[in-house]
Amino acid sequence: MTTSASPSDSPLVRAARGETVSHTPVWFMRQAGRSLPEYREVRRGTDMLETCRTPDLVTEITLQPVRRHRVDAAIFFSDIVVPLQAAGVDIDIEPGVGPVLDEPFASREDLDRIPELTADMIPDIAESVRRIVLELGPTPLIGFAGAPFTLASYLIEGGPSRNHELTKSLMHGDPELWNDLCARLTQISAAFLKVQVEAGASALQLFDSWAGFLSKADYRRYVLPHTQATLAALADAGVPRIHFGVGTGELLPDMAAAGTEVIGVDYRVNLAEAIERVGGDQPVQGNLDPALLFAPWEVVEREVRRILDEGRAAPGHIFNLGHGVLPDTDPVVLTRVVELVHEVSAR
Ligand code: 1CP
């Protein structure tokens, strides 16, 4: 549902700036993807990273959830490892697993395997964004990238990790190498975000999905400076920035102060409590537990109403899940949530 004429005046962008809105905007992390039969149909037979580099497919997949659910924003269909691969890192996405590397990052020599990313390496990304923006009209497109810590974890662990032990070992054992690696990843993420914004994205989200695995002390010392540098590189881009991680209740005040307009909240902290933790003066995004979309509708409705209610304490609220849509989610429930958010929040 979009009633404004331009993406920069849309409910999503206005809420992210703490301005008045006609209704609370809603979109879902992982709204494009396996919960949609039309996505599975388009993806059939094409490798994930190849899909991400093919403008026809990226455009179609990005638009699918907007058509179906009438969400207030599209999220660019890509992956946090796309800019790494584009820069020349030998990384793949294995179906059912996620990003994997044959030769994980372990030493200073490995820095040579992580070149800088320049715009000429990703002309397809700019083209996909331009095509999507044209198709979307007044609905904003959210660009995104992975934050240095989350990217570093995949590079060092060689794939998804339960405990991030190799990452923490390198961080503490060789802080200089850790910082050099994160500086390289900051460059790559910032370049990826800039290409998306310059091609027409109206907002951006920095995913530090695994930051919640860190202690506050480690986060502040080894991670926050790099995240700040990434967000600072986009400070003059003219679009609101959203900063999100999973299990980050303890880190919320630091993450909120990292140089972001909006703080994303996962489902483990009540939204009212999260708003209090960050000082009450910043727009928030979140935070319905994605697993509750499997519960009876009365439960979903009660939770949506509670979250909308709690969100009113912040200067702006973007409704979302507390993490991505689970693959087996019934898409009909997602559409009903969008309708309910719009109906309940209409002013
Ligand atoms: O074949 C497939 O369908 C592959 C599954 C898949 C999809 C649909 C992967 C592999 N990535 C994506 C798309 C994707 N990834 C999007 C766009 C879709 C949308 O949001 O609508 C986005 C924003 C991402 C970002 C991403 N990739 C993150 C951050 C967001 C989050 O969920 O925390 C992370 C951590 C990844 C890594 C990744 N890529 C793919 C998987 C399965 C994973 C997670 C693996 C793990 O558990 O470590």
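Final position of the sequence shown in this note's numbering is 411; the numbers increase by one with none missing. The beta carbon of each residue, even a glycine, is placed where N, CA and C say it ideally should be. Note that the structure is predicted; figures quoted are calculated from it, not measured.
Practice task
Measure the C-alpha to C-alpha separation of residue 121 and residue 107 and round it to an integer number of angstroms.
Solution key: Cα to Cα, residue 121 sits roughly 8 Å from residue 107.
Exercise for the section: Measure the beta-carbon distance from residue 295 to residue 270 and round it to whole angstroms, keeping in mind my assumption that it falls under 8 Å. Expected result: Confirmed, Cβ separation roughly 6 Å.
Handout entry: Bridge partners - residue 305, DSSP secondary structure assignment
Key = According to DSSP, which records beta bridges pairwise, residue 305 is partnered with 268.
Handout entry: For residue 169 and residue 220, the rounded distance between their alpha carbons
Key = For residue 220 and residue 169, the distance between alpha carbons rounds to 5 Å.
Exercise for the section: Kindly indicate the opening and closing residues of the alpha helix (DSSP H) around residue 256. Expected result: 239 to 262 is the extent of the alpha helix (DSSP H) around residue 256.
Practice task
Indicate the three-state DSSP secondary structure (helix, strand or coil) for residue 396 in the structure shown.
Solution key: It is helical.
Exercise for the section: Would you list the one or two residues that DSSP bridges to residue 205? Expected result: Looking at the DSSP assignment, residue 205 forms a beta bridge with 138.
Problem - Residue nearest to residue 226 in terms of C-alpha spacing, selected from 161, 268, 329 - result: Of 161, 268, 329, the smallest CA-CA separation from residue 226 is found for 161.
Problem - Continuous alpha helix (DSSP H) stretch holding residue 213: start and end - result: That run of the alpha helix (DSSP H) goes 212 to 221.
Practice task
Tell me whether residue 383 counts as near the ligand 1CP, meaning its Cβ is closer than 6 Å to at least one heavy atom of that ligand.
Solution key: Closer than 6 Å to some heavy atom of the ligand 1CP: that does not describe the Cβ of residue 383.
Exercise for the section: Would you give the residue range spanned by the beta strand (DSSP E) that residue 147 belongs to? Expected result: Where residue 147 is concerned, there is no enclosing beta strand (DSSP E), although the alpha helix (DSSP H) it sits in stretches over 146 to 151.
Exercise for the section: Determine contact between the stretch 273 to 291 and the stretch 308 to 319, defined as no fewer than three beta-carbon pairs at a distance below 8 Å. Expected result: Between the stretch 273 to 291 and the stretch 308 to 319 there are three or more inter-stretch CB-CB distances shorter than 8 Å, so the stretches are counted as touching.
Exercise for the section: Report yes if the CB atom of residue 276 is closer than 7 Å to the CB atom of residue 193, and no otherwise. Expected result: Cβ atoms of residue 276 and residue 193: not closer than 7 Å.
Handout entry: Touching by the beta-carbon criterion (3+ pairs, under 8 Å), the stretch 230 to 249 and the stretch 297 to 307
Key = Touching, no, given that fewer than three Cβ pairs across the two stretches are closer than 8 Å.
Problem - Beta-carbon proximity list for residue 293, same chain, < 6 Å, skipping 5 on both sides - result: 250, listed in sequence order.
Handout entry: Secondary structure of residue 337, DSSP reduced to three states
Key = Residue 337 falls in the helix class under three-state DSSP.
Handout entry: Alpha-carbon spacing of residue 104 relative to residue 124, whole angstroms
Key = Our two residues, residue 104 and residue 124, have alpha carbons roughly 12 Å apart in a direct line.
Problem - Start and end residues, beta strand (DSSP E) containing residue 156 - result: 155 to 158 is the span of the beta strand (DSSP E), which, as asked, contains residue 156.
Handout entry: Among 85, 176, 75, 210, the one whose alpha carbon lies nearest that of residue 202
Key = Taking only the C-alpha atoms, the option nearest residue 202 is 75.
Practice task
Below 8 Å CB to CB, which residues in the same chain sit around residue 69 once its five sequence neighbours on both sides are set aside?
Solution key: The answer, listed in chain order, is 202.
Practice task
Could you please give the first and the last residue of the uninterrupted alpha helix (DSSP H) stretch that includes residue 292?
Solution key: Here the alpha helix (DSSP H) through residue 292 covers 288 to 296.
Exercise for the section: Could you please give the first and the last residue of the uninterrupted beta strand (DSSP E) stretch that includes residue 164? Expected result: Start and end: 162 to 165.
Practice task
Compute the distance between the beta-carbons of residue 92 and residue 389, then report whether it is under 7 Å.
Solution key: Taking the C-beta atoms as reference points, residue 389 is found nearer than 7 Å to residue 92.
Exercise for the section: Could you check the C-alpha separation between residue 197 and residue 401 for me, to the nearest Å? Expected result: Rounded to whole angstroms, residue 197 to residue 401 spans 25 Å at the Cα level.
Handout entry: Cα-Cα separation between residue 159 and residue 142, rounded to whole angstroms
Key = Their backbone Cα atoms lie some 15 Å apart in a straight line.
Problem - Own chain partners of residue 145 with C-beta closer than 7 Å, once the 5 adjacent residues on each side are dropped - result: Only 155, 157, 163, 218 meet the Cβ criterion.
Exercise for the section: Determine the burial state of residue 337: buried for a count of at least 16 other Cβ atoms within 10 Å of its Cβ, exposed for fewer. Expected result: Residue 337 comes out exposed.
Handout entry: Simplified DSSP state of residue 198, which is helix, strand or coil
Key = DSSP places residue 198 within a helical segment (H, G or I) once states are collapsed to three.
Practice task
Would you kindly work out how many angstroms separate the C-alpha atoms of residue 384 and residue 136, rounded to a whole number?
Solution key: Between residue 384 and residue 136, the C-alpha separation is close to 11 Å.
Practice task
Go through its chain and collect everything with a Cβ distance to residue 395's Cβ below 6 Å, but skip five positions before and after it.
Solution key: Annotation for residue 395: 99, 100 place their beta carbon closer than 6 Å to its own, counting only its chain and skipping 5 residues before and after.
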